[in-house]
Amino acid sequence: MKKNQKLRNLDPFLKREKERYKHALPSREFILQLLQQEGIPIAEHSLHKMLSITKNEHDLFNRRLAAMIREGQIFRNRKGDICVMEKLDLIKGIVQGHPDGFGFLIPDDGSDDLYLSAKEMQKALHGDKVLVREIGLDRRGRKEATIVEVLESANTRLVGRLHIDHGILLVVAENKRISQDILIAREHSLKAKAGQIVMVEIIQQPTKYAQPIGKIIEILGDYTAPGMEIEIALRKHDLPHVFSPEIQKIAAKFPKNVLKRELKGREDVCHLPLVTIDGETARDFDDAVYCQQEDKGFRLYVAIADVSHYIKPHDPIDQEALNRGNSVYFPRRVIPMLPEALSNELCSLNPEQKRLCMICEIEFQKNGEIVEYAFYPAVMCSHARLTYTEVAAMLAKPKGPEAKRYSALLPHVLILNKLFKSLLKTRKKRGAIDFETIETQMFFNEQGKIDRIEPVQRNDAHRLIEECMLAANVCAADFLQKHGQMTLYRIHEDPSPEKIIALRNFLKEFGIQLGGKEKPSAKDYAQTLLKIYGRPDAQLLQTVMLRSLQQAIYSPVITGHFGLAYESYTHFTSPIRRYPDLLVHRAIKAVLNGGSYQPGDWQELGKHCSMTERRADEATREVESWLKCFYMQDKIGESFDGVISAVTGFGLFVALDNVYVEGLVHISELPSDYFHFDATKHCLLGERSGMQYRLGDRLRVKLVRVDLETSKIDFVLAEPSLKGVRSVRAERLSHRQNRAQQNDALKTVASKRSKRSSDKTKADKNQSTSPK
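Okay, here's the thing in structure tokens:
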């Protein structure tokens with residue numbers, strides 16, 4: 001035993017383990033080292049003896065081994081012996097299911113995905129962490145694997161619809177990547193009825209020989225009940241949406257208004273006519289602006305709600321806010337990041353109420369360039385709650401009814417507009433990309449279903465506020481960078497080389513060249529957008545350019561923001577609804593107080609906040625898709641005009657004009673031919689007919705099917721003549737005809753020149769032989 005205790009003392013990480021734990025165990029690194037040195041699988045009791053594990057340490061040590069198994073460092077074979085993963089040629093990763101039953105393993109090491117057959121997928125559920133062994137290639141030449149072990153189950157609860165088939169109760173998951181049905185015992189059904197949406201707790205995970213088994217823990221109601229689409233999305237995407245009694249109790253204790261003692265050490269800017277400018281339906285106001293004109297330029301005050309004054313690091317509300325990551329905005333419903341006592345009341349910059357804020361005061365030159373800036377805590381009072389529509393009307397008609405209604409504020413709004421015009425020039429000079437996208441708003445009837453869908457027109461008021469917020473965010477990034485304080489930056493990386501090549505090849509077909517050679521800048525994109533502006537195919541070209549860009553994320557590593565053409569950029573202006581902004585506020589305050597802010601692992605925080613943002617986007621997109629499907633149900637058989645919004649190997653997605661709904665024309669519904677997908681040209685090309693369907697082409701389609709369960713809409717071509725769709729052969733013939741006409745014209749010109757030359761030669765000859 002003493003010899004073994006000496007072996008344990010050789011652990012190079014023993015000091016670290018003693019600092020972390022009261023009872024120091026052998027480190028993971030040392031356990032792996034010993035197992036590798038042995039070179040063979042080791043029985044658990046032999047490992048205990050080797051490392052002098054006492055009876056009191058058994059449970060703790062076994063927990064450590066279990067954690068190492070979950071993370072794929074070690075593995076138990078069929079005998080129960082412990083093996084080193086690296087020696088077994090096993091691959092660890094996450095299962096990604098497909099609605100058709102098969103799936104893929106996404107390896108942790110970033111290597112190529114591995115195909116999992118439908119039979120293999122019976123062993124695990126979408127999202128599970130597993131170990132697999134590569135077994136060769138499938139019939140399509142893809143690397144195939146078999147699941148050896150499920151390390152960690154990702155699904156403990158799921159939402160789905162109850163079905164009763166020959167007396168057997170089963171739940172079909174709303175997440176279509178989970179293809180296994182969940183068996184439910186009668187005693188665990190809560191007497192739910194067939195067709196109802198239920199919440200299920202999985203009590204037995206799937207195995208090679210058995211389906212997953214669950215019990216119903218909540219009945220949500222009928223599938224088509226008003227608001228059910230949101231209830232499903234919340235649970236399907238695991239979105240936190242209920243504040244615990246503890247948090248509600250804490251939130252209820254906050255005062256309704258700012259207390260006198262909270263004003264200490266703050267600048268009083270209540271005299272400044274700061275105003276909020278938001279949409280008509282906004283309820284949480286986290287930013288207000290005011291601008292004054294000076295001899296040398298402008299002075300802008302951007303006031304942002306001081307959420308960090310009320311939410312302290314690691315308290316229950318802060319932990320919940322981190323878990324949520326951001327507010328989620330569904331049609332007709334908001335899932336706030338903070339309790340309403342804060343988001344809509346104490347932190348919201350409501351008109352004519354004192355509120356604590358952080359000020360970003362920026363001095364601009366007349367041309368819109370930033371001269372200097374300052375951050376400081378303050379107390380403010382919003383002088384009015386304005387909407388984008390009202391401000392746009394004031395700018396369009398300075399003597400109109402809206403201008404008269406806010407006559408006292410009109411001069412300040414006009415100065416803001418002057419600054420905005422200057423900032424637009426700096427934006428253009430900087431080379432920021434401006435894509436023209438159509439946003440829509442849904443209007444609902446009394447039954448909670450869509451009555452109509454209308455486009456949201458962005459006006460100068462939207463852009464004015466956007467430029468003010470951009471300026472404050474840039475100053476925040478610069479301030480923290482200069483003071484060496486880590487934070488989460490909003491980064492938008494350059495397009496990948498592969499996407500740039502594909503984009504260049506596509507634009508070349510239209511006679512358009514993207515500047516910048518191998519590494520185009522945002523300015524190169526902006527200049528190309530200017531070239532295509534006003535063209536009939538502008539929407540097509542813009543869509544392809546937009547899809548060549550990366551997705552913006554949060555990260556502590558400064559790589560710049562490609563789209564906005566900033567070297568460094570962060571989010572400071574929305575701490576009520578975005579957790580990264582709250583972190584930025586804390587970091588700025590720490591610098592102002594002469595310290596630094598360390599919330600933990602910045603890298604992991606960035607990954608988490610990026611994930612919650614994507615989660616919210618996916619959930620809202622699914623809700624909107626379902627609502628649009630429900631809206632289109634009674635329109636089956638009707639025909640619509642639209643434009644091809646996406647091209648895939650299985651068909652065309654068509655976005656309808658004026659309705660703003662998207663559906664699929666399956667490749668089998670195209671005229672009889674073999675159609676081949678060209679990803680570079682974004683088109684389907686007929687092998688025999690030469691018929692071509694390309695992104696941006698206009699079509700007339702007929703609605704034939706709406707599937708609420710999958711939120712899918714199917715169209716067929718409404719006109720056999722296929723008006724508006726080009727034939728490649730017809731194009732080639734047209735080009736040949738044009739070239740022939742050009743050649744004929746050139747021959748005619750050449751003939752006339754030859755005749756004139758011949759006539760001139762004869763005249764000269766006659767003149768030279770005539771008498772003097």
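With the first letter of the sequence shown counted as 1, position 79 gets the number 79 in our numbering; the numbers rise by one all the way through.
Positions of the beta carbon are idealized from the N, C-alpha and C atoms, including for glycine.
In this text, all values refer to a predicted model and were calculated from it rather than measured experimentally.
What's the call for residue i, buried or exposed, on a 16-neighbour Cβ count within 10 Å?
i: residue 666; result: exposed
i: residue 255; result: exposed
i: residue 122; result: buried
i: residue 785; result: This structure leaves residue 785 out entirely; the chain is present only between 1 and 772.
i: residue 591; result: buried
i: residue 710; result: exposed
i: residue 15; result: exposed
i: residue 305; result: buried
i: residue 741; result: Interpretation of residue 741 is limited by its pLDDT of 48, a score under 50 that renders its predicted location unreliable; the figure taken from the coordinates is listed afterwards. Flag for residue 741 reads exposed.
i: residue 433; result: buried
i: residue 265; result: exposed
i: residue 212; result: buried
i: residue 6; result: exposed
i: residue 528; result: buried
i: residue 9; result: exposed
i: residue 733; result: Residue confidence is low: residue 733 scores 44 on pLDDT, short of 50, so the model does not pin down where it sits. Its coordinate-derived value is still stated next. Residue 733 is exposed by the Cβ-count criterion.
i: residue 155; result: buried
i: residue 330; result: buried
i: residue 36; result: exposed
i: residue 75; result: buried
i: residue 126; result: buried
i: residue 84; result: buried
i: residue 55; result: exposed
How is the beta strand (DSSP E) around residue i delimited, first residue to last?
i: residue 215; result: 213-222
i: residue 691; result: 691-694
i: residue 355; result: 354-365
i: residue 337; result: Segment: none, residue 337 is in no beta strand (DSSP E) and carries neither H nor E.
i: residue 773; result: This structure leaves residue 773 out entirely; the chain is present only between 1 and 772.
i: residue 378; result: 370-381
i: residue 234; result: From DSSP, residue 234 is part of no beta strand (DSSP E) but of the alpha helix (DSSP H) over 228-236.
i: residue 553; result: 553-555
i: residue 330; result: 328-330
i: residue 686; result: 683-686
Using a beta-carbon distance below 8 Å, is residue i in contact with chain D?
i: residue 425; result: Absence of chain D from the displayed structure is noted, only one protein chain being present.
Hey, quick one: how far does the alpha helix (DSSP H) through residue i stretch, first residue to last?
i: residue 418; result: 410-430
i: residue 591; result: 579-592
i: residue 707; result: Premise fails: residue 707 lies in the beta strand (DSSP E), 698-707, not in any alpha helix (DSSP H).
i: residue 318; result: 316-324
i: residue 507; result: 497-508
i: residue 713; result: Taken as a continuous stretch (DSSP letters only), residue 713 belongs to no alpha helix (DSSP H), being part of the beta strand (DSSP E) at 712-717.
i: residue 14; result: 14-20
i: residue 247; result: 245-252
i: residue 401; result: 401-405
My understanding is that residue i touches residue j, with C-beta atoms under 8 Å, so please give their C-beta distance in whole angstroms.
i: residue 310; j: residue 342; result: 6 Å
i: residue 704; j: residue 716; result: 5 Å
i: residue 251; j: residue 339; result: 4 Å
i: residue 641; j: residue 617; result: Not a contact, Cβ separation roughly 29 Å.
i: residue 518; j: residue 497; result: 7 Å
i: residue 359; j: residue 373; result: Their Cβ separation, rounded to whole angstroms, is 10 Å, which puts residue 359 and residue 373 out of contact at 8 Å.
i: residue 503; j: residue 544; result: 6 Å
At least 3 beta-carbon pairs within less than 8 Å: the stretch 386-400 vs the stretch 278-291 | yes
Determine, using beta-carbon pairs with one atom in the stretch 315-331 and one in the stretch 350-369, whether at least three such pairs fall under 8 Å.
-> no
Touch test, the stretch 555-573 against the stretch 481-499, Cβ-Cβ under 8 Å, three pairs minimum = yes
Curious, which full-length beta strand (DSSP E) runs of at least 3 residues does the stretch 434-493 contain?
-> 439-444, 450-456, 489-491
Mind the definition here: the stretch 218-235 touches the stretch 157-165 only if three or more C-beta pairs lie below 8 Å; say whether that holds.
-> yes
Go through the stretch 615-675 residue by residue and report every complete run of the beta strand (DSSP E) that reaches 3 residues or more, in order.
-> 639-648, 651-656, 662-666
Could you say if the stretch 35-54 and the stretch 65-80 meet the contact criterion of at least three C-beta pairs nearer than 8 Å?
-> yes
Where in the stretch 39-114 do unbroken runs of the alpha helix (DSSP H), each at least 4 residues long, occur, reported from the N-terminal end onward?
-> 44-50, 58-70
For the stretch 513-548, list the alpha helix (DSSP H) runs that are entirely contained and at least 4 residues long, ordered along the chain.
-> 522-532, 538-547
Whole runs of the beta strand (DSSP E) within the stretch 278-314, excluding any shorter than 3 residues | 287-294, 297-305
Fully enclosed by the stretch 130-214, which beta strand (DSSP E) runs are 3 residues long or longer?
-> 143-152, 157-165, 168-173, 182-184, 196-204
Are the stretch 581-596 and the stretch 408-418 touching, with three or more C-beta to C-beta distances below 8 Å?
-> no
Would you check if there are 3 or more beta carbon pairs closer than 8 Å linking the stretch 442-457 to the stretch 617-630?
-> yes
When the Cβ atoms of the stretch 466-481 are set against those of the stretch 548-555, are three or more pairs found closer than 8 Å?
-> no
Mind the definition here: the stretch 183-194 touches the stretch 97-113 only if three or more C-beta pairs lie below 8 Å; say whether that holds.
-> no
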